[in-house]
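Each residue of the sequence shown is one higher than the one before, starting from 1 at the first, in the UniProt record's numbering. Where a beta carbon is used, it is the ideal one built from N, C-alpha and C, also for glycine. To keep things clear, I will list the structure first and then write my remarks on it.
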Amino acid sequence: MPLVSNSLSLEETQKSICFKNTPMLEKVAVYLRSRVLPDSSPGCSNLMKFFHCIPSLQELEIRGSLWEYLTVGGLPHNPPTALNNVKSLKMADMSFGDLKEVSVAVYLITSCPKLQQLTIKCESVNNVVEAVVQFLQDQTCSGGVVKLLQSVEMSHFTGTKMEMQFVRFILASAPLLKEIFIWNFSYILQSGRQMINEMKQYRRASPNVEFKFEAVEVE
Numbered sequence: 001m002p003l004v005s006n007s008l009s010l011e012e013t014q015k016s017i018c019f020k021n022t023p024m025l026e027k028v029a030v031y032l033r034s035r036v037l038p039d040s041s042p043g044c045s046n047l048m049k050f051f052h053c054i055p056s057l058q059e060l061e062i063r064g065s066l067w068e069y070l071t072v073g074g075l076p077h078n079p080p081t082a083l084n085n086v087k088s089l090k091m092a093d094m095s096f097g098d099l100k101e102v103s104v105a106v107y108l109i110t111s112c113p114k115l116q117q118l119t120i121k122c123e124s125v126n127n128v129v130e131a132v133v134q135f136l137q138d139q140t141c142s143g144g145v146v147k148l149l150q151s152v153e154m155s156h157f158t159g160t161k162m163e164m165q166f167v168r169f170i171l172a173s174a175p176l177l178k179e180i181f182i183w184n185f186s187y188i189l190q191s192g193r194q195m196i197n198e199m200k201q202y203r204r205a206s207p208n209v210e211f212k213f214e215a216v217e218v219e
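This is how it looks when you write it as structure tokens:
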């Protein structure tokens, strides 16, 4: 996919995607709508292929089946250099009930050394997935790995055990964090204030985090 512009918003029905000749591309938003086919080349990380030719990337948005695509082939030991300058990361349609997708999300967050803004649209998950909870607990113990993150926004937040553990991970990992903003529709989110109070009890790398909560009324 040769490109001259420094930004790209792409909604695809293909089952895979890669970039070529895009050294100046700074902003990428991709929504992959089709389910991903099984990989025909074991050992080849789709995540590495996806980021291979976008070295100037600063803003990234991931949606749809792109999460499934990025899990194929596993996570590389050394993060793609394309993540070195990413300052804004937006994630939608990532399921907190899917360990592989959560692993990719955490990998991306912790592999962007200049990340400042994180935006997540939470997917509804009814059941507690203990494997995800344990994974996030393990990540929380590492601490201080998102050094420049300042702002986190999580929409459609319902307070599942996985979501709360993710917030715990972020709080423990971001020494410059200034704000966490959480919202959902009021008829879904009944105990927002209680959840915020619980979050305030979590260990924080930043002493100055401001917690904001909004319950949106449906007319």
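Three or more beta-carbon pairs under 8 Å between the stretch 73–84 and the stretch 45–56, yes or no? yes
Segment limits, alpha helix (DSSP H) that includes T81: The count along the sequence shown starts at 1 and reaches residue 81 at position 81. No alpha helix (DSSP H) contains T81, which DSSP labels as neither H nor E.
With a threshold of 16 other CB atoms inside 10 Å of the CB of D98, please say whether the residue is buried or exposed. The residue labelled residue 98 in the question sits at position 98 within the sequence shown. Buried is the call here.
Using the rule of at least 16 other Cβ atoms within 10 Å of the residue's Cβ for burial, across every protein chain shown, is T140 buried or exposed? Locating residue 140 in the sequence shown gives position 140, where the first residue counts as 1. The residue in question, T140, is buried, as its Cβ has 16 or more Cβ neighbours within 10 Å.
Alpha carbons only, please: which of N127, E163, V146 and P207 is nearest the one belonging to M195? Residue mapping note: residue 195 aligns to position 195 of the sequence shown, counting from 1. It is E163.
So for R63, helix, strand or coil by DSSP? Within the sequence shown, the letter at position 63 stands for residue 63. Residue state, collapsed to three classes: strand.
Beta-carbon spacing of L118, L89 below 8 Å: In the sequence shown, counting from the first residue as 1, residue 118 sits at position 118. In the sequence shown, counting from the first residue as 1, residue 89 sits at position 89. Yes; because the gap between Cβ atoms is below 8 Å, this pair is in contact.
Restricting to Cα atoms, I'd like to know which of G159, E153 and S191 is closest to I180. On the sequence shown, position 180 is the one that residue 180 refers to. When each option's Cα is compared against that of I180, the closest is E153.
Find the nearest neighbour of N84 within the set I54, S103, I62 and Y69, judged by alpha-carbon distance. Taking the first residue of the sequence shown as 1, we reach residue 84 at position 84. It is I54.
Using beta-carbon positions only, say whether K100 and L148 come within less than 8 Å of one another. Position 100 of the sequence shown, counting from 1, holds the residue named residue 100. Position 148 of the sequence shown, counting from 1, holds the residue named residue 148. No; because the gap between Cβ atoms is not below 8 Å, this pair is not in contact.
Beta-carbon within less than 6 Å of H156's beta-carbon, same chain only, minus the 5 sequence neighbours each way: which residues are those? Sequence index remark: in the sequence shown, residue 156 carries index 156 (1-based). Excluding residues within five positions, the ones whose Cβ falls inside 6 Å are K121, C122 and N184.
If I follow the unbroken beta strand (DSSP E) through E214, where does it start and stop? On the sequence shown, position 214 is the one that residue 214 refers to. Counting along the chain, the beta strand (DSSP E) containing E214 begins and ends at E210 to V216.
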